[in-house]
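Here's the structure we're looking at; comments come further down.
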Amino acid sequence: NHSPVFMASARTNTKVLKFDSEEAVAAALADYTADLSKKFIKEKGSFSVVLSGGTLIETLRKLVEPPYRDSVDWSKWLIFWVDERVVPLDHDDSNYKLAKLGFFSKVPIPSSNIYTIIEKKSPEGAADDYEERLKHLVESKVIPISDASGFPKFDLMLLGMGPDGHVASLFPTRHQRYEKKRWVTFITDSPKPPPPRITFTFPVINSASEIAMVVTGAELADTVKIALVMAKLRIRPPCLALRFQLKGS
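For the sequence shown, position 76 matches number 76 in the UniProt record's numbering, and the numbering has no gaps at all.
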């Protein structure tokens, strides 16, 4: 049974939802995201969304189609990345380029609300710059601080997961997964190409109001099963550093 999985975690409740097809996951993800957009814009006047790369943008495709395309208030969206490859923004490895082609080009999110990395910086420089920009947004009350953790509190983290259980660019064999102080860190030797990347740290990821992990495909469904077993055994791959209290369903 290689059911696609869509895990959604709010502060008070975690759901592990299995679907018969990737198409059904895409429909559920669009509905979930549009509902949250409406909720947060009503509550605070904006909706901060943190994207990842991989297959996520493809799975978001229904959000840029009717009825959502015309009903969502795209002008209030703020877009960030949980991780980014340190390459030019027009490079095929860029998570920004992936999102632009599959998402931004189809909905009217203001370009000033899309927070990309600054090009032509080293991985360390790009991470420092991104963290400084986040701190400026916190100081100007655009992004709130979590009372519980002291880290920035984004409205929604949309995450994928690698076959090795990695989330963002926090890999099992790399020390960045243990970072507890920085908001954004960098890696120069990612085991998955390209090697140079920046990434949010787990304290920032776990401070989000809502976290959704979207896992499609047989190999990744198996990874989720393994992670669920490991959770019971109290063995912790990177994905289990997330706030989820994972339970088999």
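In this text, a Cβ means the ideal position worked out from N, Cα and C, and glycines have one as well.
So what does residue i bridge to, in DSSP terms?
i	result
residue 84	198
residue 337	Since the displayed the chain opens at 1 and closes at 249, residue 337 lies outside it and no answer follows.
residue 114	79
residue 187	197
residue 48	78
residue 170	167
Classify residue i as buried or exposed, calling it buried when 16 or more other Cβ atoms lie within 10 Å of its own Cβ.
i	result
residue 20	exposed
residue 244	For residue 244, the predicted structure reports a pLDDT of 47, less than 50, and the residue's modelled location is therefore unreliable. The matter cannot be settled from this model.
residue 163	exposed
residue 62	buried
residue 118	exposed
residue 169	buried
residue 216	buried
residue 150	exposed
Do residue j and residue i come within 8 Å of each other at the CB atom, strictly closer than that value?
i	j	result
residue 154	residue 48	yes
residue 152	residue 204	yes
residue 99	residue 36	no
residue 82	residue 200	yes
residue 140	residue 110	no
residue 145	residue 134	no
residue 33	residue 156	yes
From this set, the options, which residue's C-alpha is nearest residue i's C-alpha?
i	options	result
residue 60	106, 17, 84, 92	106
residue 208	187, 158, 178	158
residue 214	183, 195, 42, 58	58
residue 44	176, 22, 77	77
residue 67	84, 42, 27	27
In chain order, each alpha helix (DSSP H) run of at least 4 residues that lies wholly inside the segment 50-108: Restricting attention to alpha helix (DSSP H) runs no shorter than 4 residues, the segment 50-108 encloses them at 56-59, 68-71, 95-102, ordered along the chain.
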